[in-house]
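9 is the number of the first residue of the sequence shown in the working numbering; add one for each residue after it. The C-beta atom is built at its ideal place from N, Cα and C for all residues, glycine as well.
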Amino acid sequence: MHSVISVLSRIKNIVPELQNALPNLTFHEVSNAELDKQFKESHIIVADYDLLTPHMYSLPQAKWVQGTWAGVNDLMAKVTQPPPFSLSRFTGRHFGALMSEYVVANIINFERNAFETHQNQKMKQWIVDGKIEEHRAIFDLTVGILGLGNIGDRVARTLNYMGAVVFGYGRRPHLNLEDNPHISKYFSNQMLPQLLRECDYVVNTLPETQESKWLLNGDILENCKDKQAVFINVGRGTIISEEALIKALENKWISGAILDVFEQEPLPTESALWQMPNVIITPHVSASCRAKDIAQQMKDNLEYYRQNLPIPATVDFSKGY
């Protein structure tokens with residue numbers, strides 16, 4: 009195995025972190041991919057997908073590329089056929105924990121109206137009323153998780169540990185609840201409306217696939233209106249169009265939305281979502297791709313590569329993730 013690994017990435021400190029994790033290897037930072045001979049000759053590459061895409065079919069020596077991001081939907085939209093090398097996604101051992109923190113923090117903020125409390129503080133007002141005083145705890149809530157992969161399962165376990173009743177939704181027809189005691193009920197594809205009717209919060213963690221794209225479009229969120237559910241999106245923005253989401257909010261089918269991902273990113277300044285009082289917007293940061301986590305996954309996956317074993321989270325181009 010060649011000891012020089014090319015790195016094509018904008019992530020801060022990624023080369024030093026890779027070098028710390030794998031001190032016996034040499035990492036070559038690519039500054040100009042078009043002219044970089046070492047990059048063209050590398051067997052192993054660490055890369056951001058958007059920087060890699062223009063060179064997908066002009067890397068004749070590449071055997072394996074370790075991606076630095078979890079989502080590959082943008083890459084899938086641009087490739088015409090699978091590349092001549094294996095590509096593994098960055099899943100991050102801490103992704104689930106980071107997204108769980110985001111979900112829990114925002115549920116607490118929303119339930120306790122922390123943003124209004126902050127506004128009161130700026131105006132030097134001591135106000136105790138509404139949700140600031142009378143709020144639900146996590147153990148009062150029923151939360152539906154769309155997608156029970158590594159991230160969705162970790163979010164589900166965290167919420168259940170804090171006392172929430174957790175329902176799960178996924179593609180598989182059945183889920184053994186005895187093996188998954190943190191899930192109280194499981195809903196397969198055709199049962200999504202029923203899940204929406206029973207939840208106080210609905211958390212999307214699904215990747216973008218043909219099955220999940222625009223899954224919540226149309227009037228399906230009308231099923232949330234009796235419980236006035238809050239929608240949290242940490243999966244992909246294409247689960248629902250901005251138009252459909254705004255319709256659900258304006259029609260009061262859902263009582264709020266906590267959004268980290270969007271149909272279009274960055275969210276355009278003219279979007280009505282910015283001004284909606286029951287919407288919380290964050291700029292796709294629920295789980296950042298941290299250099300030290302990428303380096304650790306690279307170290308782990310390198311052992312699979314050396315032993316000629318299947319590398320976890322290898323992209324299946326026929327499935328789209």
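| message | Which residue marks the beginning of the beta strand (DSSP E) containing residue 133, and which one marks its end? | response | Against the sequence shown, residue 133 aligns to sequence position 125. Neither: residue 133 is in no beta strand (DSSP E) and is coded neither H nor E.
| said: Quick check: what's the CA-CA separation for residue 263 versus residue 239? | reply: Here the question's residue 263 lines up with position 255 in the sequence shown. Here the question's residue 239 lines up with position 231 in the sequence shown. Near 8 Å, if we compare the C-alpha coordinates of residue 239 and residue 263.
| field | Secondary structure of residue 235, DSSP reduced to three states | value | Indexing the sequence shown from 1 puts residue 235 at position 227. Residue 235: coil per DSSP, three-state reduction.
| query | For chain C, is any of its Cβ atoms less than 8 Å away from the one on residue 66? | reply | Of the protein chains in this structure there is only one, and it is not chain C.
| said: Using DSSP's beta-bridge definition, name the partner residues of residue 193. | reply: In the sequence shown, counting from the first residue as 1, residue 193 sits at position 185. Beta-bridge pairing links residue 193 to 175.
| request: Using alpha carbons as the reference points, say which of 141, 161, 15, 152 lies closest to residue 57. | output: To locate residue 57, count along the sequence shown from 1; it is residue 49. It is 15.
| said: Using the Cβ count rule (16 or more neighbours within 10 Å means buried), how would you classify residue 293? | reply: Along the sequence shown, read from residue 1 onward, the residue named residue 293 stands at position 285. The residue is exposed, with fewer than 16 neighbouring Cβ atoms inside 10 Å.
| Taking DSSP as the reference, what is the three-state secondary structure of residue 267? | Residue numbering aside, residue 267 sits at position 259 when the sequence shown is read from its first letter. Looking at residue 267 - three-state DSSP - the assignment turns out to be strand.
| said: Just to confirm my understanding: we take residue 104, look at its own chain, exclude 5 residues before and 5 after, and list those with CB closer than 6 Å. What are they? | reply: Working through the sequence shown from its first residue, we reach residue 104 at position 96. Closer than 6 Å at Cβ, skipping near neighbours: 158, 159, 162.
| message | Between which two residues does the alpha helix (DSSP H) holding residue 166 run? | response | On the sequence shown, position 158 is the one that residue 166 refers to. 158 to 169 is the span of the alpha helix (DSSP H), which, as asked, contains residue 166.
| Between the stretch 244 to 255 and the stretch 278 to 296, do three or more beta carbon pairs fall short of 8 Å? | yes
| task | With a cut-off of 8 Å on the beta carbons, I'd call residue 309 and residue 74 a contact; round off their distance for me. | result | Your numbering for residue 309 matches position 301 in the sequence shown. Your numbering for residue 74 matches position 66 in the sequence shown. The Cβ separation is near 6 Å, so the contact holds.
| said: Does the contact criterion of 3 or more C-beta pairs under 8 Å hold for the stretch 133 to 143 versus the stretch 105 to 113? | reply: no
| message | To the nearest angstrom, how far is the alpha carbon of residue 44 from that of residue 38? | response | Along the sequence shown, read from residue 1 onward, the residue named residue 44 stands at position 36. Along the sequence shown, read from residue 1 onward, the residue named residue 38 stands at position 30. Going by the C-alpha atoms only, they are around 7 Å apart.
| request: Go to residue 35, then tell me how far its beta strand (DSSP E) extends in each direction, as first and last residue. | output: As a first step, residue 35 is located in the sequence shown; it is residue number 27 there, counting from the start. Membership of residue 35 in the beta strand (DSSP E) is indicated by the continuous run 34 to 37.
| task | Could you spell out where the beta strand (DSSP E) holding residue 153 opens and where it closes? | result | Within the sequence shown, numbered from 1, the residue matching residue 153 stands at position 145. It spans 150 to 154 - the beta strand (DSSP E) in which residue 153 sits, taken as one unbroken run.
| task | Return yes when the Cβ of residue 271 is within less than 8 Å of the Cβ of residue 246, no when it is not. | result | Sequence index remark: in the sequence shown, residue 246 carries index 238 (1-based). Sequence index remark: in the sequence shown, residue 271 carries index 263 (1-based). For residue 246 and residue 271, yes; Cβs fall inside 8 Å.
| From residue 215 to residue 132, what does the alpha carbon distance come to, in whole angstroms? | Mapped onto the sequence shown, residue 215 falls at position 207. Mapped onto the sequence shown, residue 132 falls at position 124. So the two alpha carbons sit approximately 43 Å from each other.
| residue 41 - DSSP class collapsed to helix/strand/coil | For this step, residue 41 is matched to residue 33 along the sequence shown. Residue 41 falls in the coil class under three-state DSSP.
| task | Please state whether DSSP places residue 212 in a helix, a strand or coil. | result | Reading the sequence shown from its first residue, position 204 is the one you call residue 212. In the structure shown, residue 212 sits in a strand (DSSP, three-state: E or B).
| query | Can you give the Cα-Cα distance for residue 333 and residue 190, rounded to whole angstroms? | reply | Lying outside 9 to 329, the shown extent of the chain, residue 333 is not represented and no answer is given.
| field | Exposure label - residue 65; buried when at least 16 CB within 10 Å | value | For the purposes of this step, residue 65 is taken as the residue at position 57 of the sequence shown. Burial call: exposed.
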